[in-house]
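These protein sequence lines are chains P and Z, in that order. Those letters in the first sequence? Residues 7 to 366, per this note's numbering, in order. Those letters in the second sequence? Residues 7 to 366, per this note's numbering, in order. We put the CB at the ideal spot given by N, CA and C, even for glycine. Structure first, then comments.
Number of protein chains: 2
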Amino acid sequence: MTTPTERSWLVLADGYLTGRNAKTAHGVIRYGHGDIAAVLDRDNAGASLRTVLPELGRDAPIVSSVQEGLAYGPTSLLLGVATAGGWMPEHWRTWINEAVESGLEIANGLHGFLKEDPDLVKLARANKVNLWDVREPPADIPLFSGRSLDIPKRTVLTVGSDCAVGKMSVSLELAAAGSANGFSTEFVATGQTGILIAGRGIAVDRVISDFVAGAAERLVCETHPSSDVLLVEGQGSLWNPAFSGVTLGLLHGSAPHALVLCHEAGRTTTDEPPFVPLPRLTDMIAVYEAMASTVRDARVACIALNCRGLSDRERKRTLNEVEEQTGLIADDVFAGGASRLWDAVAAALPERRAIRHGSR
Amino acid sequence: MTTPTERSWLVLADGYLTGRNAKTAHGVIRYGHGDIAAVLDRDNAGASLRTVLPELGRDAPIVSSVQEGLAYGPTSLLLGVATAGGWMPEHWRTWINEAVESGLEIANGLHGFLKEDPDLVKLARANKVNLWDVREPPADIPLFSGRSLDIPKRTVLTVGSDCAVGKMSVSLELAAAGSANGFSTEFVATGQTGILIAGRGIAVDRVISDFVAGAAERLVCETHPSSDVLLVEGQGSLWNPAFSGVTLGLLHGSAPHALVLCHEAGRTTTDEPPFVPLPRLTDMIAVYEAMASTVRDARVACIALNCRGLSDRERKRTLNEVEEQTGLIADDVFAGGASRLWDAVAAALPERRAIRHGSR
């Protein structure tokens, strides 16, 4: 079974490239390690990615078939689009088979697992290619033990007012900003898009509930030996009742030293039924800090505000208001504000401890 | 596949009957519906259960083999002992096979599933007996949607300062006390012992984390049409970092109208590493109420204090102290205090709404 050491992606986004369902594909294009060899989308074939989605900041040819994409030398086919029915259209199967027969790894961010398809498993084995079901958790996750409290690293967790406010992007942008400031940072992935970007991680919402904190603990304990500051991707929200358990398990298991509260400007209730009213920012800060303190005192260092849809002027006014309300730095990483947020995070971290070297 | 409508248990507790590992067996003997036909424990064979474990309040013969136990007419063999290695000793296998060949259902509360043993599955099929892996969650649990907020029933959840403080027993004792007071109560099981006692339920800690709240919601939505007050078995604690996510998912998913805080007298930290210091009772009450309010305002109605190890005098003094500290009724269901606690619960519930009748 061959796993590429450095991936070059053929991104399968046929019919979905510009929509919300392509969140995972967009994340990998924007933040992923490795190249984007080509994007498969028959609707936009012939155009360039930069023309169609300039905000992703990368270019690649858009092609109309796997065969055409192969010319650009990909190592891996990415299934990074949430399809309408939840599982893949039938013609994808043909493309996947073609990719496997051409020696491409298949990286699957969908809920269903490729490993549950015996025909595909057989074909992959015959062609010695890796089927990577990104959401499949490892089988040997231990219960939480408290060892995350003993690692000689500083841990920063993004927490949210709700789902889909930008926690993953904030963690990634902070990791980049910290790195630009001379820190040895590492992004720690806890969801499928993050895992595809980082090349490793555990989808904590897919873990048996007893083991969520244990999974988070394992993730922070198994980072690169030379990493100093860990930026852990948060999940859900304490105010989103569908996912609050995952949020709390991650908060306790990762044992952060500092938190970054992520919020979308103007959101006053959760996005999904039963549309829970969101508390004031100062109250959310107090609750996250109180709940974190079970394992370690951690302060909310700053507010990462997602200002999508606002004009520059509205954004500046809103950020000022939030800073006044909370007494904390507030900025928008989607509008270039990661650097100010990083400074606030760095100031909130404890002194660096001696890094113990050793294997992961 | 035959599932008995009324179970009569042959309880397999060989070598463990009087120890802590027999918690599930003890729970079923104490609270379970159906008869206890016999108990299999070679160490105490020939004695009566009432002599060996008078505190369980039931009698049954203790036998030294499945063959001997069959004489007492059991319908089901209970695997309700957490064995030292986590999985069953080899000679159990012989007993299980004998039980299957004699037409007994096998009810398994262990972590490993009988259904993963192909030989046993084959034997069970040939003998038309049911293999009941109690911890195996249903495959079709939905995400939380908020429908638990619309049921015309009153829901009471036990919450804890820690694991193993008596939440299940308190829920069961309150269900019995409410019933004795003329209320139509139903115990809602969320863990393996509770499920064996009630004959139904979902082990919420075995559910994929994304679906914990959905599982809790489904449980309260699928209770008996004639039930009025639901006593939901709590799990874990917001202060036990290994399980806090399960606790919060259950709190939000079941959407209780009232809470009962369960605590063990004298416990000042969680029982397991990292031995989290427990806040004062008044602080725990405030946090549980604050976290519950995301879905519904619910007050802690009373304190269920587990006073094991205390003398009568110490117990009374401790209960008085707790009542003074919290301003709430405090009592110990293990010392006959369920009735006072029930009165406090009933007073904390909203008015009964019209019960909509319908199938589960």
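In this structure, how does DSSP classify residue i when only helix, strand and coil are distinguished?
i	result
ILE208 of chain P	coil
THR164 of chain P	strand
ARG362 of chain P	Bear in mind that a pLDDT of 42 at ARG362 of chain P, under 50, signals an unreliable position, so the number given afterwards is only what the model happens to contain. Reduced to three states, the DSSP call for ARG362 of chain P is coil.
LEU257 of chain P	helix
HIS32 of chain Z	helix
ALA264 of chain P	strand
ASP41 of chain Z	strand
GLU270 of chain P	strand
VAL127 of chain Z	helix
ASP139 of chain Z	strand
Pull up the CB-CB distance for residue i and residue j, whole angstroms please, since I reckon it's below 8 Å.
i	j	result
LEU202 of chain P	GLY115 of chain P	6 Å
SER260 of chain Z	GLU223 of chain Z	7 Å
ASP337 of chain Z	LEU325 of chain Z	6 Å
GLY21 of chain Z	ASP41 of chain Z	With a Cβ gap of about 23 Å, GLY21 of chain Z and ASP41 of chain Z do not count as contacting.
LEU149 of chain P	ASP211 of chain P	Contact doesn't hold; Cβ gap of about 18 Å is too wide.
SER177 of chain P	LEU237 of chain P	4 Å
LEU70 of chain P	ALA51 of chain P	Looking at the sequence shown, residue 70 of chain P is not Leu but Ser. Indeed, because the Cβ distance is near 4 Å, the residues count as touching under 8 Å.
ALA298 of chain P	VAL351 of chain P	With 8 Å as the limit, ALA298 of chain P and VAL351 of chain P do not qualify as a contact, their Cβ atoms being about 15 Å apart.
ALA344 of chain Z	LEU180 of chain Z	6 Å
LEU267 of chain P	VAL165 of chain P	6 Å
What residues of chain P sit near residue i, judged by a beta carbon separation below 7 Å?
i	result
ARG286 of chain Z	What ARG286 of chain Z touches in chain P: nothing, since even the nearest Cβ is about 14 Å away.
PHE150 of chain Z	PRO247, ALA248
Residues of chain Z with CB under 7 Å from residue i, in chain order?
i	result
PHE119 of chain P	The contacting residues do not exist; PHE119 of chain P stays about 13 Å from chain Z at best.
Does residue i have its Cβ less than 8 Å from a Cβ in chain P?
i	result
PRO280 of chain Z	yes
SER167 of chain Z	no
HIS263 of chain Z	no
HIS32 of chain Z	no
ALA132 of chain Z	no
GLY259 of chain Z	yes
ALA360 of chain Z	Note that ALA360 of chain Z has pLDDT 47, beneath the 50 cutoff, so the model's placement of it is unreliable and the number below is only indicative. No, no contact with chain P.
Could you check whether the Cβ of residue i sits closer than 8 Å to any Cβ belonging to chain Z?
i	result
SER215 of chain P	yes
VAL301 of chain P	yes
LEU155 of chain P	yes
LEU254 of chain P	yes
GLY251 of chain P	yes
ALA219 of chain P	yes
ARG366 of chain P	Low confidence applies here, because ARG366 of chain P scores a pLDDT of 33, under 50, leaving its location unreliable; read the following figure in that light. Closer than 8 Å: no.
Which residues in chain Z sit within 9 Å of residue i, going by Cβ to Cβ distance?
i	result
ARG212 of chain P	ILE214, SER215, ASP216
Show which residues of chain Z have a CB atom less than 8 Å away from the CB atom of residue i.
i	result
ALA296 of chain P	VAL293
Any beta strand (DSSP E) of 3 or more consecutive residues that is wholly inside the stretch 56 to 120 of chain Z
Along the length of the stretch 56 to 120 of chain Z, whole beta strand (DSSP E) runs at least 3 residues long occupy 82 to 85, 111 to 114, reported in chain order.
If we require 3 or more residues per run, which beta strand (DSSP E) segments fall completely within the stretch 275 to 354 of chain P?
Within the stretch 275 to 354 of chain P, the runs of beta strand (DSSP E) that reach at least 3 residues and sit entirely inside it are, in chain order, 305 to 312, 335 to 337.
Can you list the beta strand (DSSP E) stretches of 3 or more residues lying completely in the stretch 144 to 206 of chain Z, in chain order?
Runs found: 160 to 166, 191 to 194.
What runs of the beta strand (DSSP E), each 3 residues or longer, lie entirely inside the stretch 212 to 242 of chain Z?
Entirely contained in the stretch 212 to 242 of chain Z, the beta strand (DSSP E) runs reaching 3 residues are, in chain order, 235 to 238.
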